[in-house]
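To start, the structure itself, in structure tokens.
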Amino acid sequence: MVERNNKTIDELVALCMKNTPQWGQCECEFWAPSKKLHHPNNVYRRLIGRGPDKSELFPMITAPTLILKADAQGEVRKQNEEIAALLPNGRIVHIEGARHNVRRDQKEALIKALKAFLEEL
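First residue of the sequence shown? That's 15 in our numbering, and the numbers climb one at a time after it.
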């Protein structure tokens, strides 16, 4: 992460295009500056200050809720579905073939799931 922080924006764009060419130049140009904002100290802060437990928080969310998640298999998928089931008016959709960045990895599938959710409101 520190090594990545020391790269220029242009180097990060090139790295993005090499690793995820399906995103395209424009998405990589938006992605690159955000990587400069990450710092190892932020990771540490996230680990020690996780916030409220989802099992307490999710049942209090009554608005229609859609969780769009990256493709997951086995136990991870099961855990995702169990957590989402805590939402009184929610659902989870695993986007097949997507990795961490669902919107960029499987844009068409994400839009399809989002439209289906919105049509039911």
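Backbone N, C-alpha and C fix where the C-beta goes; we use that ideal spot for every residue, glycine too.
Between residue 104 and residue 80, the gap from beta carbon to beta carbon is short of 8 Å.
A direct Cα-Cα distance of roughly 19 Å separates residue 44 from residue 17.
Counting along the chain, residue 38 sits inside the alpha helix (DSSP H) bounded by residues 38 to 50.
Take residue 41, set aside five residues on each side of it, and the residues of its chain with a beta-carbon closer than 7 Å to its own are 118, in chain order.
Note on geometry: alpha-carbon atoms of residue 49 and residue 19 lie some 7 Å from one another. For residue 121, the enclosing alpha helix (DSSP H) has its first and last residue at 121 to 133. Per the coordinates, the alpha-carbon of residue 77 lies some 14 Å from the alpha-carbon of residue 99.
Residue 109 is bridged by DSSP to 84.
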